[in-house]
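Novice: Take this structure first; my questions come after.
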Amino acid sequence: MADVHSFIPTVLWAQRNNILYITINVEDCKNPAITLDENSLHFKGKGGTEKHEYEVTIDFFKAVVPTESKKTIQDRFIFFVIKKKEEGPFWPQLLKGAKKAHWLKTDFNKWKDEDDSDDDDKDMNFEDMMNSMGGMDGADNAAENLDDSDDEDLPDLE
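Under numbering that gives the first Met the number 0, residues 0 to 157 are what the sequence shown spells out, in order.
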């Protein structure tokens with residue numbers, strides 16, 4: 000009998016100061032086996048059009064709080080919101096160790112830079128900003144009065 004081969008699913012991740020967003024992309028995965036502890040997340044389940052066996056273990060860079068974390072199982076993926084044990088600066092990576100995992104990718108739809116604030120775009124009033132830029136009146140007219148070498152006539156072609 001042939002050995003059963005497990006595939007590694009694509010995993011997307013993003014973070015904030017206090018939480019991790021992790022998405023495991025496996026379609027139509029019914030009743031997956033998921034274990035989340037302080038140091039790791041283990042996933043095993045069957046899914047996809049051919050019902051392959053998928054399995055992945057994520058050893059976290061630092062500790063998390065499993066009791067304050069949530070998961071949602073959708074038709075195309077399993078989504079986790081995992082609370083970091085220590086709120087603070089962003090982790091330099093998701094995985095413990097310096098190894099590069101081909102199956103792990105950044106979730107740019109959820110990614111936000113560490114220095115970005117959630118309220119930056121909400122409170123911005125562009126009209127007030129433009130009005131406060133004093134000294135700009137008449138700047139367009141001043142540009143029209145400047146001589147430009149492009150204004151000279153072109154020589155005739157031979």
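The beta carbon of each residue, even a glycine, is placed where N, CA and C say it ideally should be. Remember, it's a predicted structure, so these values are computed and weren't measured experimentally.
Report the CB separation of residue 18 from residue 82 in whole angstroms; it is logged as a contact under 8 angstroms.
Specialist: As a first step, residue 18 is located in the sequence shown; it is residue number 19 there, counting from the start. As a first step, residue 82 is located in the sequence shown; it is residue number 83 there, counting from the start. With 8 angstroms as the limit, residue 18 and residue 82 qualify as a contact, their Cβ atoms being about 6 angstroms apart.
Novice: Among residues of its own chain, excluding the 5 on either side of residue 58, which ones have a beta-carbon nearer than 8 angstroms to its beta-carbon?
Specialist: Along the sequence shown, read from residue 1 onward, the residue named residue 58 stands at position 59. Around residue 58: 38, 39, 94, 95, 96.
Novice: Let me make sure I understand the geometry here. Which of 62, 25, 36, 60 has the alpha-carbon closest to that of residue 44?
Specialist: For this step, residue 44 is matched to residue 45 along the sequence shown. Cα-wise, what sits closest to residue 44 is 25.
Novice: May I have the straight-line CA-CA distance separating residue 51 from residue 76, to the nearest angstrom?
Specialist: Position 52 of the sequence shown, counted from the first residue, corresponds to residue 51. Position 77 of the sequence shown, counted from the first residue, corresponds to residue 76. Looking at the two C-alpha atoms, the distance is approximately 15 angstroms.
Novice: Out of 70, 63, 89, 42, state which residue places its alpha-carbon closest to the alpha-carbon of residue 9.
Specialist: Counting from 1 along the sequence shown, the entry for residue 9 is found at position 10. It is 42.
Novice: Would you decide whether residue 22 is buried or exposed? Buried here means 16 or more other CB atoms lie within 10 Å of its CB.
Specialist: What you label residue 22 is simply residue 23 of the sequence shown in a count that begins at 1. Answer is buried; the Cβ neighbour count reaches 16.
Novice: Between the C-alpha atoms of residue 28 and residue 47, what's the straight-line distance to the nearest angstrom?
Specialist: Position 29 of the sequence shown, counting from 1, holds the residue named residue 28. Position 48 of the sequence shown, counting from 1, holds the residue named residue 47. Rounded to whole angstroms, residue 28 to residue 47 spans 7 angstroms at the Cα level.
Novice: Here's a check: name, in chain order, each residue in its chain whose Cβ is nearer than 7 angstroms to the Cβ of residue 80, leaving out the five neighbours to either side.
Specialist: In the sequence shown, residue 80 corresponds to position 81, counting from 1. If we look at residue 80 and ignore the five residues flanking it on each side, its Cβ neighbours are 18, 20, 68, 69.
Novice: Just the C-alpha distance for residue 111 and residue 13, rounded to the nearest angstrom, thanks.
Specialist: Here residue 111 refers to the residue found at position 112 when the sequence shown is read from its first residue. Here residue 13 refers to the residue found at position 14 when the sequence shown is read from its first residue. Cα to Cα, the separation comes out at about 8 angstroms.
Novice: Measuring straight from C-alpha to C-alpha, what distance separates residue 123 and residue 115?
Specialist: Start at 1 with the first residue of the sequence shown, and residue 123 comes out as number 124. Start at 1 with the first residue of the sequence shown, and residue 115 comes out as number 116. Below a pLDDT of 50, predicted positions are generally treated as unreliable, and residue 123, at 49, falls in that range; the measurement from the model is reported next regardless. When rounded, the distance between both Cα atoms is 14 angstroms.
Novice: How far does the beta strand (DSSP E) with residue 25 in it reach, from first residue to last?
Specialist: Your numbering for residue 25 matches position 26 in the sequence shown. Counting along the chain, residue 25 falls outside any beta strand (DSSP E), and DSSP gives it neither H nor E.
Novice: Starting from residue 62, trace the beta strand (DSSP E) both ways and give me its first and last residue.
Specialist: In the sequence shown, counting from the first residue as 1, residue 62 sits at position 63. Element bounds for residue 62: n/a, residue is neither H nor E.
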